[in-house]
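Visitor: Before we start, here is the structure in question, set down as structure tokens.
Protein chains: 4
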Amino acid sequence: MSQKIPVAVLAATGTVGQRFVSLLEDHPWFEVTVVTASERSAGKRYAEAVNWVIPGEIPSSVADLVVEPTENPVEIIGNRAKLVFSALPSNAAREVEPDLPAAGYVLASNASALRMEPDIPLLIPDINAHHLSLIADQQAGRGWPGVVVTSPNCAVSSFVFPLKALNDAFGVTQAHVVTMQAISGAGYPGVASFDILDNVIPFIKGEESKVETEPLKILGIVQDGQVVPAGFPVSAQVNRVPVMDGHLAAMSFGLKSRASLDDVKAAIANYKALDSVRALPSSPEQLIIVREEEDRPQPRRDRDAQNGMAISVGRIQPCSVMDYKLVVLVHNTLRGAAGGAILNAELLAAEGYLGEKLQLQEK
Amino acid sequence: MSQKIPVAVLAATGTVGQRFVSLLEDHPWFEVTVVTASERSAGKRYAEAVNWVIPGEIPSSVADLVVEPTENPVEIIGNRAKLVFSALPSNAAREVEPDLPAAGYVLASNASALRMEPDIPLLIPDINAHHLSLIADQQAGRGWPGVVVTSPNCAVSSFVFPLKALNDAFGVTQAHVVTMQAISGAGYPGVASFDILDNVIPFIKGEESKVETEPLKILGIVQDGQVVPAGFPVSAQVNRVPVMDGHLAAMSFGLKSRASLDDVKAAIANYKALDSVRALPSSPEQLIIVREEEDRPQPRRDRDAQNGMAISVGRIQPCSVMDYKLVVLVHNTLRGAAGGAILNAELLAAEGYLGEKLQLQEK
Amino acid sequence: MSQKIPVAVLAATGTVGQRFVSLLEDHPWFEVTVVTASERSAGKRYAEAVNWVIPGEIPSSVADLVVEPTENPVEIIGNRAKLVFSALPSNAAREVEPDLPAAGYVLASNASALRMEPDIPLLIPDINAHHLSLIADQQAGRGWPGVVVTSPNCAVSSFVFPLKALNDAFGVTQAHVVTMQAISGAGYPGVASFDILDNVIPFIKGEESKVETEPLKILGIVQDGQVVPAGFPVSAQVNRVPVMDGHLAAMSFGLKSRASLDDVKAAIANYKALDSVRALPSSPEQLIIVREEEDRPQPRRDRDAQNGMAISVGRIQPCSVMDYKLVVLVHNTLRGAAGGAILNAELLAAEGYLGEKLQLQEK
Amino acid sequence: MSQKIPVAVLAATGTVGQRFVSLLEDHPWFEVTVVTASERSAGKRYAEAVNWVIPGEIPSSVADLVVEPTENPVEIIGNRAKLVFSALPSNAAREVEPDLPAAGYVLASNASALRMEPDIPLLIPDINAHHLSLIADQQAGRGWPGVVVTSPNCAVSSFVFPLKALNDAFGVTQAHVVTMQAISGAGYPGVASFDILDNVIPFIKGEESKVETEPLKILGIVQDGQVVPAGFPVSAQVNRVPVMDGHLAAMSFGLKSRASLDDVKAAIANYKALDSVRALPSSPEQLIIVREEEDRPQPRRDRDAQNGMAISVGRIQPCSVMDYKLVVLVHNTLRGAAGGAILNAELLAAEGYLGEKLQLQEK
């Protein structure tokens, strides 16, 4: 009999849902026991309901699970799972996600609905594991026996890593970001080929405001049970490019303290998560890979670094308008979506939110 | 017998050379009489020597011209042309281009070799036709009976248009540009498909320094027979994207005077070239097209506006780091290369540098 | 006052509908007066209702037309148009198209619904203008005062041209076709970029049976008021490739009579439509362009030949399994859809089905 | 100390060379000890000399090897390797490859130079392991103490698998193949993006004759120390498509014996290599994967099946011109190039051509 923690995946047939299912195959701590999708898919075997579009085959352990409807997840899940991953679209998430912590579940959501609530961690374990301190107030304030943590927008999950390293080392005064985002970020069917072949689209609905606000919450400090966001402005211009996976961002930034180019490179290259985070199963061995080649990082060549959980940074150079500029890449559906949410859940498990603290492996 | 001005095209078999040949078919003033290429192609009919890769068929008037070697263009051209277009690579341009004005030819070059010489116009007629005043000093200082003007880098030919409009109206204090450039900018064979399919390359050799310096010369003032460049910093991060034609740039900028969003839009939309420039055969009816759709301009959909001679601007919005930001698009091998150089030559012809001033048409 | 024939375009906001609207701008004979679309768009100005995704801008003459609902086209159109173009999807076409000829309209349909009806011409003027003789029986048999003609599937519109030339010259015994079809053939949004970037899809729903049957009707003979299809087998394997426009087909075929390679090339290159067809406004000057380069035709380089109304053929060579093989290209949304249907209507107009025969120009 | 067989990789810096180096990292039997490249790279560390363009990082065990010149490989390799993999271009291969078996080495070549020599196996272990019987005559006839085997063209490595299964089961009378080949098949820089973006090229130099002749040798029988090729005609039309990896082929074929659709599917799905071959380290668990989905196989989704060593077949259906048709996919640089050659070498090792027979693992 398996001793793993049983988990439910909401919206398991979408592209992020598929990534959850794929990444959770053979996960050392978690095991998928419940998959939900829209009414239309309910009652079918997962393998029949899903239009599997991500790499690899459908994990056999999930292929035969019967898909259940996403409405009333609390009723559906019952005691068959303790941990819930949500890949719900924003509207659905807003409606049903709060029910889960209210009913005692631990919810790691990839949806945007609850991200900016001041008592809900917008969590990247490698950056702001200390935001877990919000949970006590979240539970007290809302009367929730359960917990919810959220993971950020996929484009944010790129540049916020070097930004954290820089802010810790020198203080950041401002940041300007232009993204070039992969089509997988829009899910399936998502971006029409008619729109994106031989083209770039300088617009993604609702994205720029997320890219400008979420990093500040992530880098914020916890005060009186709420996050006080970081105080510098972030400006974003987002673009969709004909690339399958991997969001690239060109970032310029100002620093409070004087720093040489070498200082900047070193601060980014040497940035490390807490040891307790680095010991989590999905943590990359090397978090930020600084590339010295003049033409890297590139989406196709660097997105899979460290199983898609590392961040690649390159072209760090002085900027004549702000202080420095660089290019940063994330695998948007691994670190930037399902992988990030799983890492969040691993942190919760390690910290005892899912029962007894789990024994971490040496890395 | 044709009354058109006979012209030579140097490096006529490359991709920019092909654009010259294509655009000059049926040109009202100019007629191609001499085409040159590398030693390897010399002696062949143009149609045999060229690997025609641009849209349309080889103009029949040029197909049967015999390709001549590019070395010693003065000797080669003789009195068979008065006007010379150069699509030479930088090194070759540096060597042979100065010989042409020295021998009395009028040279409109698309090469980078002479662009930054202080007495040589880096010319965009719609922006700095007054830089032609450099020519008198150029001729006097160098003892040249002929003339040379240059056209800017193809990526510069995008954002420098709104920058000019903004600088005229409000004064620009700084500009930050991230480009997403088409593969045709690299010529043929240029970018390997192995590098760019499903990918973005955040680097183009030598490009960022051109993008940061050329706009300042273009927007500079003429003083004592030299250009004094504009005084604000431009910072650039350039990227290659899997797009055939059309360079897109995301630009943020600061302004000296206070300006509302409507002021900014109006300044850009209403910017006009001099009437004398607008009357040139290759001038677009509308120079800058401001798109109000939230997702435009896009390379594939907007690059051909006004026969590829217009600039498309969109997504003008406030920037939380600088004052405003926008997105701008140019057809890189039309306005941004051969079309721009032909417009330059038309201005020279209209101003009498190629003999009697030509009669301009009403538009 | 315009003397042009007023026309209605059904489903005018789809991608084929947009091509109709675009091609009919400045058409010498026809003028768009009615545009229809789904209920959702009805009541809006065309420019507001349409998501214009094809090259060029919305024709100003149509931009301000109010979109009307497609249901009950007879009632909607009234006496505001005589000629109707249909870009309806198959199901809608099946329901409403027969009403139009029944009410006296001349309908040139691009839909598949009525294509295989034995008394309805599946018309390519350059190939089977004589199938118009079906109309008398169509009208008599169905009691229709009006007329309907249909144009074939876009992939068929490629290889059926050389097939016609070959069948006329030597008799064809069999043909095997593998298509590589552009994404524009699926309309908008059509093919998801998630499916087609860095990929080929060896399947298009319902396509193979059309590709195998329609050519035989087109090449059939008219007997007793019905088409008797050509008697040889056509086998098709269809594929979707990441190309915007232009369907490429690799075809092998057997011939009844012995023919040398030169005979085959000559038969294809010299094939000509009837003079009366060649005089139609949308007829290409050269119908089939035989390319001698070893690597042509190619979709991006050849699709726009003759305004997208020519067929390009290349790589004609012996086949060790059948007799010969070749590669053939059509612009799928011009000749292969809207352009083909307009040519059909021009033929009907020239033959007097829309009133007095129109005067044809010399070409 | 390593007990592995030391191997040299000729042309190790090209794209196929990189695949060799990548696949041989942690190979259970082989270990790269010598890497060669052109004069220009000689003397550099491999990591410096190579422009690493394939997925993953450069194996650390090879990164520090000093690249040696490819000329005179016998002299260069000396006794530092027993087994040699060649990724040489055809011309270079023709010159230097014969020296290697003549000097006692075991050469597994991916080059085309020696493929069609009647006494040299054109080897696919899963298909014609019995062709190793040629080696005795090869050695006797040429006086070679060493051995050479070759692996076929990458496009052949797709359809020849189902062809073998069909020929064994029913006899094949003819086959017609249209390929859609990935750009990685052309190496680096290979296909210009200027040629292939938004395009298909219906031509690959020299490819069609290889695709038509090599399968017949592979399926031939050995008689008197020579291969007698299979006797049916294969006709090929090859195309380059904008896909990174994975050659897709649409094949129609005739059969000697009557076979139902189910018979055909079963013959393909149940085809198995010899047990001795299936036990080789690089053999896939399942050789031919028959997909039942109507739209598979697809290059991006199926190329990596079984580490890129499986063949995916789909869309098996009756053909109205020949008997049946299907679609087949191979990963062109894994099974179709480096992976295939490594499997060949494994077979040679297992059969004792590299010293004592190696112990095979159970699968």
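Residue numbers (the numbering used here), protein chains in the order written: chain C, 1 to 363; chain F, 364 to 726; chain D, 727 to 1089; chain B, 1090 to 1452. All C-beta atoms in this analysis are idealised placements derived from N, C-alpha and C, irrespective of residue type, glycine included. A quick note: this is a predicted structure, and the numbers were derived from the prediction, not measured.
In or out: H856(D) buried (at least 16 other Cβ within 10 Å) or exposed?
Guide: For the purposes of this step, residue 856(D) is taken as the residue at position 130 of the third sequence. Under this definition H856(D) is an exposed residue.
Visitor: Rounded to whole angstroms, what is the Cα-Cα separation between M1090(B) and L923(D)?
Guide: Stepping through the fourth sequence from its first residue, residue 1090(B) is reached at position 1. Stepping through the third sequence from its first residue, residue 923(D) is reached at position 197. Any reading at M1090(B) is ruled out, since the residue's pLDDT is 40, under 50, leaving its predicted position unreliable.
Visitor: From the beta carbon of M1333(B), is the nearest beta carbon of chain C less than 9 Å away?
Guide: On the fourth sequence, residue 1333(B) is found 244 positions in, with the first residue counted as 1. So yes, M1333(B) belongs to the interface.
Visitor: Can you tell which of D119(C), V9(C) and L83(C) has the C-alpha that lies nearest to the C-alpha of A140(C)?
Guide: On the first sequence, residue 140(C) is found 140 positions in, with the first residue counted as 1. Comparing Cα positions, the closest option is D119(C).
Visitor: Rounded C-beta distance between Q368(C) and F232(C)? I'm assuming under 8 Å.
Guide: Since the displayed chain C opens at 1 and closes at 363, residue 368(C) lies outside it and no answer follows.
Visitor: The beta strand (DSSP E) spanning R1329(B) covers which residue range?
Guide: Numbered from its first residue, the fourth sequence carries residue 1329(B) at position 240. It spans V1323 to R1329 - the beta strand (DSSP E) in which R1329(B) sits, taken as one unbroken run.
Visitor: For the beta strand (DSSP E) containing A450(F), list its first residue and its last residue.
Guide: Position 87 of the second sequence, counting from 1, holds the residue named residue 450(F). Where A450(F) is concerned, there is no enclosing beta strand (DSSP E), given that its DSSP letter is neither H nor E.
Visitor: Quick test of the definition: if touching needs 3 or more C-beta pairs under 8 Å, does the segment 523-534 of chain F touch the segment 633-641 of chain F?
Guide: Cβ pair count under 8 Å is three or more, so yes.
Visitor: Measure the Cβ-Cβ separation of F194(C) and P915(D) and say whether it is below 9 Å.
Guide: Translated into the one-based positions of the first sequence, residue 194(C) becomes position 194. Translated into the one-based positions of the third sequence, residue 915(D) becomes position 189. Contact: yes.
Visitor: Measuring only between beta-carbons, confirm whether L923(D) sits less than 9 Å from chain C.
Guide: Position 197 of the third sequence holds residue 923(D). Yes, L923(D) counts as interfacial toward chain C.
Visitor: Counting Cβ pairs, one atom from each stretch, are 3 or more of them under 8 Å apart for the segment 868-880 of chain D and the segment 812-830 of chain D?
Guide: Cβ pair count under 8 Å is three or more, so yes.
Visitor: Leaving out five residues on either side along the sequence, give the residues of the same chain with a beta carbon under 6 Å from the beta carbon of G1403(B).
Guide: On the fourth sequence, position 314 is the one that residue 1403(B) refers to. R1380, R1385, P1386 and V1416.
Visitor: Using DSSP with H/G/I as helix, E/B as strand and the rest coil, what is P1148(B)?
Guide: As a position in the fourth sequence, residue 1148(B) is number 59, starting the count at 1. Three-state DSSP puts P1148(B) in coil, outside helix and strand.
Visitor: Only counting the same chain, and skipping five residues up and downstream in sequence, which positions put a Cβ closer than 8 Å to that of A63(C)?
Guide: Numbered from 1 along the first sequence, position 63 holds the residue referred to as residue 63(C). Same-chain partners within the cutoff: R45, Y46 and A47.
Visitor: Going straight from the alpha carbon of M1205(B) to that of P89(C), what length do you get?
Guide: By one-based count along the fourth sequence, residue 1205(B) stands at place 116. By one-based count along the first sequence, residue 89(C) stands at place 89. Rounded to the nearest angstrom, the two C-alpha atoms are 58 Å apart.
Visitor: Excluding five sequence neighbours on each side, which residues of the same chain lie with their C-beta closer than 8 Å to the C-beta of A1356(B)?
Guide: In the fourth sequence, the residue the question calls residue 1356(B) occupies position 267. Only A1254, L1255, D1257, A1258, F1259 and A1348 meet the Cβ criterion.
Visitor: Considering only residues of the same chain and omitting the five flanking positions on each side of P754(D), which have a CB-CB separation below 7 Å?
Guide: The residue you call residue 754(D) lines up with position 28 of the third sequence. Once the five neighbours on either side are set aside, the close Cβ partners of P754(D) are P1007.
Visitor: Identify which residue in Q600(F), P605(F) and S401(F) has its Cα closest to the Cα of V573(F).
Guide: Position 210 of the second sequence, counted from the start, is the residue given in the question as residue 573(F). A small fix is needed here, since residue 573(F) is Lys in this sequence, not Val. Closest option to K573(F), Cα to Cα, is Q600(F).
Visitor: Could you name the residues of chain B that G553(F) contacts, counting a contact when the two beta carbons are closer than 8 Å?
Guide: As a working note, residue 553(F) is residue 190 in the second sequence. Chain B residues near G553(F): A1281, S1282 and F1283.
Visitor: Establish whether the CB of P69(C) and some CB of chain F are separated by less than 9 Å.
Guide: Position 69 of the first sequence, counted from the first residue, corresponds to residue 69(C). With 9 Å as the cut-off, P69(C) does not count as an interface residue toward chain F.
Visitor: Pull up the CB-CB distance for I183(C) and R240(C), whole angstroms please, since I reckon it's below 8 Å.
Guide: Counted from its first residue, the first sequence places residue 183(C) at position 183. Counted from its first residue, the first sequence places residue 240(C) at position 240. That pair is a contact at about 7 Å.
Visitor: Is the beta carbon of V149(C) closer than 9 Å to that of L348(C)?
Guide: For this step, residue 348(C) is matched to residue 348 along the first sequence. For this step, residue 149(C) is matched to residue 149 along the first sequence. Yes; because the gap between Cβ atoms is below 9 Å, this pair is in contact.
Visitor: Rank V16(C), A8(C), A338(C) and L134(C) by C-alpha distance to the C-alpha of N79(C) and give the top, closest one.
Guide: One-based indexing of the first sequence puts residue 79(C) at position 79. It is A8(C).
Visitor: Any beta-carbon of chain G closer than 9 Å to the one on G1429(B)?
Guide: In the displayed structure, chain G is absent; the protein chains listed are C, F, D and B.
Visitor: Specify, as a first and last residue, the run of the beta strand (DSSP E) that S615(F) falls within.
Guide: Position 252 of the second sequence, counted from the first residue, corresponds to residue 615(F). Unbroken beta strand (DSSP E) run through S615(F): H610 to L618.
Visitor: Does the Cβ of L255(C) have 16 or more other Cβ atoms within 10 Å, making it buried, or fewer, making it exposed?
Guide: Along the first sequence, read from residue 1 onward, the residue named residue 255(C) stands at position 255. With 16 or more Cβ atoms within 10 Å of its Cβ, L255(C) is classed as buried.
Visitor: Would the beta-carbon of T542(F) fall within 9 Å of that of A612(F)?
Guide: Within the second sequence, numbered from 1, the residue matching residue 542(F) stands at position 179. Within the second sequence, numbered from 1, the residue matching residue 612(F) stands at position 249. Yes. Within cutoff.
Visitor: Since I believe P1214(B) is in contact with V1366(B) (beta carbons under 8 Å), could you give me their beta-carbon distance rounded to a whole number of angstroms?
Guide: What you label residue 1366(B) is simply residue 277 of the fourth sequence in a count that begins at 1. What you label residue 1214(B) is simply residue 125 of the fourth sequence in a count that begins at 1. Yes, they are in contact, since the Cβ atoms of V1366(B) and P1214(B) sit about 4 Å apart, within 8 Å.
Visitor: What are the partner residues of P1092(D), as DSSP defines its beta bridges?
Guide: Nothing about residue 1092(D) can be read from this structure; chain D reaches only from 727 to 1089.
Visitor: Please classify R1061(D) as buried or exposed, where buried requires at least 16 other C-beta atoms within 10 Å of its C-beta.
Guide: The residue labelled residue 1061(D) in the question sits at position 335 within the third sequence. R1061(D) should be labelled buried.
Visitor: What are the start and end residues of each continuous beta strand (DSSP E) run of 3 or more residues lying completely inside the segment 870-958 of chain D, in chain order?
Guide: Complete beta strand (DSSP E) runs here, min 3: 873-876, 898-907, 947-949 and 952-954.
Visitor: Please state the DSSP three-state secondary structure of P436(F).
Guide: For the purposes of this step, residue 436(F) is identified with residue 73 of the second sequence, where counting begins at 1. Looking at P436(F) - three-state DSSP - the assignment turns out to be helix.
Visitor: What residues are listed by DSSP as bridge partners for L809(D)?
Guide: For the purposes of this step, residue 809(D) is taken as residue 83 along the third sequence, with counting starting at 1. V733(D) and V832(D).
Visitor: DSSP puts A400(F) in a beta bridge; with which residues?
Guide: Locating residue 400(F) in the second sequence gives position 37, counting from the first residue. A400(F) is bridged to P432(F).
Visitor: Distance check for I584(F) and N344(C), CA to CA, integer angstroms please.
Guide: To locate residue 344(C), count along the first sequence from 1; it is residue 344. To locate residue 584(F), count along the second sequence from 1; it is residue 221. Taking the straight line from one Cα to the other gives about 57 Å.
Visitor: Who are the Cβ neighbours of E207(C) in its own chain at under 6 Å, not counting the five residues just before and after it?
Guide: Position 207 of the first sequence, counting from 1, holds the residue named residue 207(C). Once the five neighbours on either side are set aside, the close Cβ partners of E207(C) are V238.
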